[in-house]
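**Q**
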Amino acid sequence: MPLIEFKNVSFKYGDAESYAIKDINLKIDEGEFILLTGSTGCGKTTLIRCINGLIPHFHQGALEGEIIVNGYSTTECTVAFLSTIVGIVFQNPENQLVSLNVLRELAFGPENMGIPREEINKRIMEVAEKLELKHLLDKTPIELSGGEQQRVAIASALTLKPRILLLDEPTANLDPKSAKMIIELLDTLNKSLNLTIIVIEHRLELLMDYVNRVILMENGRIIADGKPSEVLYSHEAERSGVNIPRLIRFFKKLKELNPKLISNPVTIREGVEALKKVSE
Ligand SMILES: Nc1ncnc2c1ncn2[C@@H]1O[C@H](COP(=O)(O)OP(=O)(O)OP(=O)(O)O)[C@@H](O)[C@H]1O
Ligand SMILES: [Mg+2]
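Residues in the sequence shown are numbered from 2 upward in steps of one, following my numbering.
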């Protein structure tokens with residue numbers, strides 16, 4: 002059974018004229034690390050709101066079809082219950098961090114769920130250790146750098162021990178080095194906890210070394226879904242206007258010039274291998 006399944010899902014906000022997402026059919030297995038992308042307004046945020054239950058429980062509108070997360074139909078459970086299965090991290094951690102200090106922030110979720118004190122403390126220590134936050138526990142959110150704030154936002158989602166983590170442009174406000182650190186952290190969490198991760202990101206290049214799948218949206222629909230090497234070399238990707246990584250643009254050109262080049266490299270290592278093969 003997939004961990005997340007969309008069955009013919011469409012959603013229209015409030016009294017909007019058009020659908021924000023339309024005819025979505027999607028299966029996601031445990032342990033996947035997925036890049037969700039597409040041009041502005043194409044429905045990425047709406048799609049992940051359906052996974053953590055903000056749609057339909059918080060954002061009113063017309064929802065058609067069914068979303069099943071870890072065996073539960075999202076319309077039949079509360080957002081609080083879903084938060085123990087699905088964690089979410091947004092673009093602006095300042096808006097997400099609500100507590101006086103990092104320790105309180107990490108305790109916030111499990112306290113609201115009525116988890117016993119001892120268990121909360123254990124979880125906080127585990128997460129703080131894993132995300133290297135121990136030295137920051139008594140700091141207030143505004144004393145932290147953007148990258149540290151994002152680590153705290155991820156940590157506070159993890160204290161509920163979710164199986165799925167959704168991130169909506171988590172690196173948009175970070176410098177390149179901090180952005181890379183956050184993505185590397187996600188890779189570690191994906192591998193060590195078998196955490197299923199969906200990250201919305203416009204800077205595709207950042208994720209090429211890590212994701213196993215790319216989902217590309219346009220006008221509320223999924224227009225391509227598959228391995229990075231399939232999706233990012235597709236006509237759909239070209240047409241949609243997403244920011245195709247430079248390495249891929251380079252190899253697309255090279256393939257036009259040299260028919261012996263048959264693979265679709267997405268990482269530098271794959272690129273080097275492809276060039277070696279051609280020169281053999
Ligand atoms: N809370 C809302 N109320 C009404 N309409 C909304 C709301 N949120 C999004 N929309 C509309 O739904 C459509 C899809 O928006 P969504 O935010 O899901 O796109 P997105 O792909 O995340 O865009 P971006 O890359 O700009 O974040 C857009 O037409 C948008 O205007
Ligand atoms: Mg968005």
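Don't be surprised by glycine CBs; every beta carbon is placed ideally from N, CA and C.
As the structure is a computational prediction, the values presented were derived from the model and not from experiment.
Arginine 152: buried (16+ other C-beta within 10 angstroms of its C-beta) or exposed?
**A** When all chains shown are included, arginine 152 counts as buried.
**Q** Please say whether isoleucine 89 and isoleucine 198 have beta carbons closer to each other than 8 Å?
**A** no
**Q** According to the neighbour-count rule (16 or more other Cβ atoms, all chains shown, within 10 Å of its Cβ), is valine 200 buried or exposed?
**A** buried
**Q** Check whether the Cβ atoms of asparagine 26 and lysine 13 lie closer than 8 Å to each other.
**A** No, they are not a contact pair.
**Q** Assuming leucine 166 contacts asparagine 71 under a Cβ cut-off of 8 Å, what Cβ separation, rounded to an integer in Å, is found between them?
**A** At roughly 13 Å, the Cβ-Cβ gap does not stay under 8 Å, so leucine 166 and asparagine 71 are not in contact.
**Q** Sorted by chain position, which residues of the same chain lie with C-beta nearer than 6 Å to aspartate 210's C-beta, five sequence neighbours on each side aside?
**A** These residues qualify, in order along the chain: Thr268.
**Q** Within the region 142 to 190, note down every full alpha helix (DSSP H) run reaching 4 residues or more, in order along the chain.
**A** Every unbroken stretch of the alpha helix (DSSP H) spanning 4 or more residues and falling wholly within the region 142 to 190 is given here in chain order: 147 to 159.
**Q** Within this structure, are the beta carbons of leucine 98 and glutamine 150 separated by less than 8 Å?
**A** yes
**Q** Output the boundary residues of the beta strand (DSSP E) element that contains asparagine 93.
**A** Premise fails: asparagine 93 is in no beta strand (DSSP E) and is neither H nor E.
**Q** Given this structure, state the Cα-to-Cα distance separating threonine 79 from lysine 256, to the nearest angstrom.
**A** 50 Å
**Q** Measuring CB to CB, does leucine 101 end up less than 8 Å from valine 128?
**A** no
**Q** Within the structure, which residues are defined as neighbours of ligand 1 by a Cβ-heavy atom distance below 5 Å, reported in chain order?
**A** Qualifying residues, in the order they occur: Tyr14, Ala21, Thr41, Gly42, Cys43, Gly44, Lys45, Thr46 and Thr47.
**Q** Could you give the residue range of the beta strand (DSSP E) that holds lysine 23?
**A** For lysine 23, the enclosing beta strand (DSSP E) begins and ends at 22 to 29.
**Q** Please find out if some non-hydrogen atom of ligand 2 comes closer than 7 Å to the beta-carbon of isoleucine 89.
**A** no
**Q** If you follow the beta strand (DSSP E) that alanine 17 is in, where does it begin and where does it stop?
**A** Secondary structure note for alanine 17: it is in no beta strand (DSSP E), with a DSSP letter that is neither H nor E.
**Q** Kindly indicate the opening and closing residues of the beta strand (DSSP E) around isoleucine 86.
**A** Unbroken run through isoleucine 86: none, as it is neither H nor E.
**Q** Out of Asn259, Asn220, Tyr234 and Gly272, state which residue places its alpha-carbon closest to the alpha-carbon of serine 40.
**A** Asn220
**Q** Take the Cβ of serine 19 as the centre, count every other Cβ of all protein chains shown within 10 Å, and call the residue buried at 16 or more, exposed below.
**A** Classification of serine 19: exposed, given that the 10 Å Cβ count is below 16.
**Q** Confirm the yes/no value for this check: CB of isoleucine 52, any heavy atom of ligand 2, distance under 7 Å.
**A** no
**Q** Which term fits valine 273, buried or exposed, when burial requires 16 or more other beta carbons within 10 angstroms of its beta carbon?
**A** In summary, valine 273 is exposed, with fewer than 16 beta-carbon neighbours lying within 10 Å of its beta-carbon over all protein chains present.
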